[in-house]
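Residue numbers (the numbering used here), protein chains in the order written: chain A, 45 to 350; chain B, 45 to 350; chain C, 1014 to 1301; chain D, 1014 to 1301. Note that beta-carbon positions come from the ideal geometry of N, C-alpha and C, so glycine has one too. Report on the following structure.
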Ligand SMILES: Cc1cc2nc3c(=O)[nH]c(=O)nc-3n(C[C@H](O)[C@H](O)[C@H](O)COP(=O)(O)OP(=O)(O)OC[C@H]3O[C@@H](n4cnc5c(N)ncnc54)[C@H](O)[C@@H]3O)c2cc1C
Ligand SMILES: Cc1cc2nc3c(=O)[nH]c(=O)nc-3n(C[C@H](O)[C@H](O)[C@H](O)COP(=O)(O)OP(=O)(O)OC[C@H]3O[C@@H](n4cnc5c(N)ncnc54)[C@H](O)[C@@H]3O)c2cc1C
Ligand SMILES: Cc1cc2nc3c(=O)[nH]c(=O)nc-3n(C[C@H](O)[C@H](O)[C@H](O)COP(=O)(O)O)c2cc1C
Ligand SMILES: Cc1cc2nc3c(=O)[nH]c(=O)nc-3n(C[C@H](O)[C@H](O)[C@H](O)COP(=O)(O)O)c2cc1C
Ligand code: FES
Ligand code: FES
C-alpha cells in the first residue's frame, strides 16, 4: 500500500476530467436537481439530459416502471432545446469546476448537426455525447444506432460542426458492437460511450396494458450490468479511442469492473435514484482501490482484464 | 368467475401440450435430475439440454456465476450426443405422459442436419428446438443466430430432415428480431422460441479474471425478463406461427405477461434452480388466473396486450 | 410552484437555477441515515413509522414528502415517496399503507433498524390565506399531509374524509383533537354518512352563505379532480396534492410530470416532485 | 459415484436413469419449507442453524448436503449448498461461515422465520470399511460433515484439523466427546502445533507400523489434494468431499463438474453435486 495519492485524472479524447466518473444522461437532470445532495465539484464531469435543437415535450405518462434489479424508462427526450438549455442552465453550471458533457439528439441527421452547431461555441459546453440509441423516440434514434450507414452519416455530420470532443453513445441492441465502435472511430469520434438502456417492455397482467405509455422503453440498472461489461470489453479492444462505460453501476466495485474491462471513464445512471450518494462513493471507492492495490494511476487499471 | 375448468391445452405447430408450460433447455437436465422433486407428468412438455450429433465435453469451469437478479452461464453444451441421449434417457422419458422437445445444435450446418436426422425417427422425440443462439460455443452458434442467411441455411437443412415440429430458438442480440422470426417462418419452421440467454460478462476485480472460464457467457433470470417480453411481443406480431416465450419467468404472473405479450407457450429456466417448484406453481397459477378472469381457454389470452 | 411565478419557462425547469433554494428558503435537501424509533399498526393496512431525523425533521413544511429507500429489498432500484405525517426537531414520521413489494419490505422492519431517506422533497402546501375558512379534503393516506398542515394553523375549520369503507378513514380523531369539525362519508356507510364525500361537501357548501373558503386536498386523483371542478365552479381556491409515480423525487428524471395549463401552448409539463406536489386546481390541465 | 460402478457412460449421466433411486436407496429428494429452530454463534464467523425438517432430516446420510434458498435476498437466483452438520427425525442443522451476500442474508434470520431447502443432495460418504482405522481430515466448515459421519461409527479413530488460525478449527470438542483422538495444526500456532496439518499427519503416519487406515477428508481443495497424493503414495484409500460452485445441486445444469480419471479418454466430467461430492482420491484427475 502506498502513501501517495493515485492519479485519478483521465483525458477522454480531449476532455480532461479530474476523475473518471460522470453521471449518465437523463438520470441527473441538468445540474441543479441534485446539487443540494451531491457536491458537483467532486464529479469528473456532468452529462446532462438529452437536448435537441428545439424544445421537445417527450412522451405521455407513465414514463418509468421498476423491474427486478432495474427499471424501464420511456421519457421520450423532453427538453428545453439548445437555446433554452443555455439560458436556463448556463449560468448555473458555470459556477462549478465541472466539465459539461451535453447529450444531443435529433429526429433527422440535419437536426443532429443543428443542435451541435448551436452549442459548439458555448463556453460551458465541454464535449458532446451523441445519442443515436434512444429506444424511446420513434424517429431516428434507434435506426441511427443499429445501422452502420445511418450511424456514420450522423457522426460525420456532427463532426463537421464542432472541434470539441465528440462521443457517440452506442446502442446495445446490435449483434456486433465492434462494427459501430470502429465506424465511430473512422468518422472521427474522440471517444465512445456504452451503453444506453436496452429496449424492453413490461405489461400489467390485470389491465393487459403496457406499464409505459410509450408501450416499450429502455431497461437500465444493475440487471443489465453484465451485458454492458461484455459490450465495453469487446468495443475497447476493437478501437483505440477511449470508452466511457455505463450500465448498472451502483458501487465502486461495479465501476472498477468496467475499468478493468476497458472503460477509461464510467457513468452512474439509475443508481442516482436509488442513492444520490452513489457517484461520490464510486469516486472515493475507486481511489481507495488504487491505493490498496498500489496502482499509481487510474490509466494503469484500464483494460487490464486477464 | 366460472366453475368450468379452463382449457389449458395448446398446439405449438403440431406439438400438442396439455398446458402451455415447458422448461428451458439446459436448466432441467434430461428428465431424471428433477424427477424426484417435480411431477414430470404435470408439465406441458420437457425441453432437454442441448444435444449435438456426437458427444461433447463443453467448457472448463467455472461455468456459472450469479449476478444481480440473474446468472451467467457458459456451460458450453456438453452432452452425450444423439445416440448417447437415446440410450441413456429414452427409456426413462418413455415412462411419462410427457412430450419431449429435444434442443439440438451443431458446429456446422451439416451437423445440425445430422443430429436431427439421427433423432427424427425416435418415438420419444416429439419436437426439435434448434439452438442457433448459444453464446457460449465459439463455432457456429452465435453466427447462425445473428445473420439471416446462415440462419436460413440451418433451418432449411434441418427442415429437410424431419417432419416433426421444428422450433428455431432465436438469438436475442439482434437489432430486429422480426427479420429472424419471418425467416424462420419462411423456411418452414413450425414455431419459434425466444429468448436464449444474452451475451454478457463479469470480471472479478481482485483477480482481474473473468468469472467464467469461457470469459463471457449468457445472462438469464429475472434481470432479462423485460427484454424477453419486448422480443416476444415484436416477433409474435410479425409471424403467424406460435412463439414459445422465456427469459426470467419465476412465477405465474411472469408467464401470463409473456402470454399476453404474444407467447403461445412459455418455458421456465433459471427459476428451476431458485425454486424447483416454480414450474408447477406457474401451471397452477395460470389456470387460477384464467378461472379468476373467466377466460375459457389459454388461447384466448394469447397476444391480448392492449 | 404553488402560486409564485418568476418567469415563464420551458417545463419550469430553471426556476431554481440562479438560487437553488429559492423555493425552499434556507432548507436544503438532505440525505440522512435514520433509525426507526417506533413502528406501529394504525388500522387495517395502515402503519405509522417514526424515524430519527435531526437533519430533515426541523426543515419539513406540511405537504412535503421524503424519498425512502426500502432496506433489504435488494431487487428494487427506486425509492418510495411518502408524505411527512409528523415532524419535529429530532424525527419525521410517515403514515403508510402496505400496497406492494416496497411497502411490504418496509413493513417488516423493526425499531432500531436503519433507513436511508432524502428530504424534504417538493414544495408542500402554500401558507393558508388569512381570513378564509380552512377546508380540508382527505382520502386514505392523504390525511397524513393534511393533519400536519392543520397543526400549523391557529384557525380551525372543517375536514371532509371520504373512502370506500371505515378503514380508509384516517386521522379523524386527530383533527377532532385539534378542534376541527370532521365530516365523514364512506361508500358502504360503515362510518359517517353513506355515499360520496363530494355529496357531503356539496350539502355543506350549499348551507353556507358565502364561499370564502380555501381548500387543501390530498387523496385519490378522482377525488381531487371532483373538488378541483367545484373550486372553479364555485370560485374558491383548491390546493391539490397530486400523486404521481416517481423515480428520482428531485426533478431530474422527468418521470412524474403532470399537465399544467399554459396560456400559449395549451399545456406544458410540470414535475410533480419538484414543482409540486401541490398545485392550485386551475393550474392543472386534466386529461380528457 | 463413490465406489459403485454400473456401466461406463458419458459423464455418468444415466447412472440413475432406470431407477432414479439407485444411489439413494429409498430416500428421495425433497423440497421442504423449514422453520428456524435455533440460530447460534459458534465462533468467529461461524454459526450454527437448526431447521425443522421432518421430511429431510431422517433421510440424511453423512456427507450429504442441502440447497438452501436465502430468504429476503431478493436479487439472488441461486440456492446455497451446505453440508448437513446434524440430522435427526425432526431437523437438520448446518454449520456455516459468513463469506458473502448469501451467507450474510442467512445470518440475519431469526428463529421462527422460514427457509426453503432441498435435500438430501449428493451421495455422501461411503460406508466405512470394517477393519480399517478411521482417519478424518478437516479444514474450516469441512468439520461439519465429518463429525456427522463420525457419529455413525462404533470405531474411534484420529481426526486431524488444519487451518490458518484457531478460529478455523471447529468441532474438535465434539470429536473428543465421541472418544476420538484430535490432532490440530494451525499456521500461526494459535492452537495445536504450528505448521501444516499434512506435517502433523505425516509424522503420525510415520510412527505407525501399518497403513491400514481409511481416510475421509473435507476442507479446502489444496488440503484435499495433499492428502489425496499421500493416499496414492502410501497406498490407502482417501475419500475426499469436493467443493465446487453449484447452481442446481441436483445434476441438471452441469455447473459443478470435476475431472475424473478415465482409462479411455484420459478424463471425463463428473458432477460434483450428483455424482459426488465425495470421490476417492484416485478418481480425481487433478488440474496441472
Ligand atoms: C408525493 C407522494 C406522497 C405519498 N405519500 C404517501 C403516504 O403518505 N402514505 C402512503 O402509504 N403512500 C404514499 N404515497 C404512495 C406510495 O409512494 C406508494 O404506495 C408506494 O411507493 C408503493 O410502493 P410499493 O413498492 O409497495 O408498491 P409497488 O409494488 O411498486 O406497486 C403497488 C401498487 O402501488 C402503486 N404505486 C407504485 N408506486 C407508486 C407511487 N409512487 N405513487 C402512487 N402509487 C404507486 C402501483 O401502481 C401499484 O398499484 C405517496 C406517493 C407520492 C407520489
Ligand atoms: C457441497 C458443498 C458443501 C458446503 N458446505 C458448507 C458448509 O457446511 N458450511 C459452509 O459455511 N459453507 C459450505 N459450503 C460453501 C457455501 O456453499 C458457500 O460459502 C456459500 O454458497 C457462499 O454464499 P455467499 O452468497 O455468502 O457467497 P458469495 O457472495 O456468492 O461469494 C462469496 C465467496 O464465496 C465463494 N463461493 C460462492 N459460492 C460458493 C460455492 N458454491 N462453493 C464454494 N464457494 C463459494 C465465492 O467464490 C466467493 O469467494 C459448501 C459448498 C458446497 C459446494
Ligand atoms: C430516466 C432515464 C432517462 C434517460 N435519458 C437519457 C437521455 O436523455 N439520453 C441518453 O443518451 N441516455 C438516457 N438514458 C440512458 C442512461 O444515460 C444510461 O445510458 C442507461 O440508463 C444505463 O445506465 P444505468 O444502468 O446506470 O442507468 C436515460 C436513462 C434513464 C433511466
Ligand atoms: C445453465 C444454463 C444452461 C443452458 N443451456 C442451454 C442449452 O443447452 N440450449 C439452449 O438452447 N439454451 C440453453 N440455456 C438457455 C435457456 O434455455 C433459456 O433460454 C435462458 O436461460 C432464458 O431463460 P431463463 O431466464 O428463464 O433462464 C441455458 C441456460 C442456463 C441458465
Ligand atoms: S420523479 Fe424524477 S422528476 Fe419527478
Ligand atoms: S450444480 Fe447443477 S449439475 Fe451440479
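Simplified DSSP assignment, three categories, for residue i
i: residue 1028/D; result: Legend: pLDDT at residue 1028/D = 39, less than 50; position of this residue unreliable, value from coordinates given subsequently. In this structure, residue 1028/D counts as coil in the three-state DSSP scheme.
i: residue 72/B; result: coil
i: residue 1291/C; result: strand
i: residue 1074/C; result: coil
i: residue 307/A; result: coil
i: residue 1170/C; result: coil
i: residue 1236/D; result: helix
i: residue 254/B; result: strand
i: residue 1199/D; result: strand
i: residue 140/A; result: coil
i: residue 146/B; result: strand
i: residue 286/A; result: coil
Cβ of residue i within 9 Å of any chain C Cβ
i: residue 1087/D; result: yes
i: residue 1034/D; result: With a pLDDT of only 38 at residue 1034/D, under 50, the local geometry of the prediction cannot be trusted, and the value read off the model is given with reservation. Answer no: the Cβ-Cβ gap between residue 1034/D and chain C never drops below 9 Å.
i: residue 66/A; result: no
i: residue 78/A; result: yes
Exposure of residue i, with buried meaning 16 or more beta-carbon neighbours within 10 Å
i: residue 241/B; result: buried
i: residue 1168/C; result: exposed
i: residue 73/B; result: buried
i: residue 1186/C; result: exposed
i: residue 332/B; result: exposed
i: residue 235/B; result: buried
i: residue 1278/C; result: exposed
9 Å Cβ cutoff, residue i in contact with chain A
i: residue 190/B; result: yes
i: residue 349/B; result: yes
i: residue 292/B; result: yes
i: residue 277/B; result: yes
i: residue 344/B; result: no
Residue-chain proximity (residue i, chain D), Cβ-Cβ < 9 Å
i: residue 270/B; result: no
i: residue 321/B; result: yes
Minimum Cβ-Cβ distance from residue i to chain B less than 9 Å
i: residue 1231/D; result: no
i: residue 1129/D; result: yes
i: residue 1116/D; result: no
i: residue 1042/D; result: yes
Whether residue i touches residue j by CB criterion (9 Å)
i: residue 102/A; j: residue 1282/C; result: yes
i: residue 1184/D; j: residue 70/B; result: no
i: residue 1214/D; j: residue 1173/D; result: yes
i: residue 1148/C; j: residue 1095/C; result: no
i: residue 1128/D; j: residue 1224/D; result: no
i: residue 232/B; j: residue 264/B; result: no
i: residue 1182/D; j: residue 1124/D; result: no
i: residue 171/A; j: residue 57/A; result: yes
i: residue 213/A; j: residue 239/A; result: yes
Contact residues within the region 111-136 of chain A, judged by C-beta distance below 8 Å to chain B: 111, 112, 113, 114, 116
Selection of the region 1243-1266 of chain C by Cβ proximity to chain A, strictly under 9 Å: 1257, 1258, 1259, 1260, 1261, 1262, 1263, 1264, 1265, 1266
Where the region 47-63 of chain B meets chain A: residues whose CB sits under 8 Å from a CB there: none
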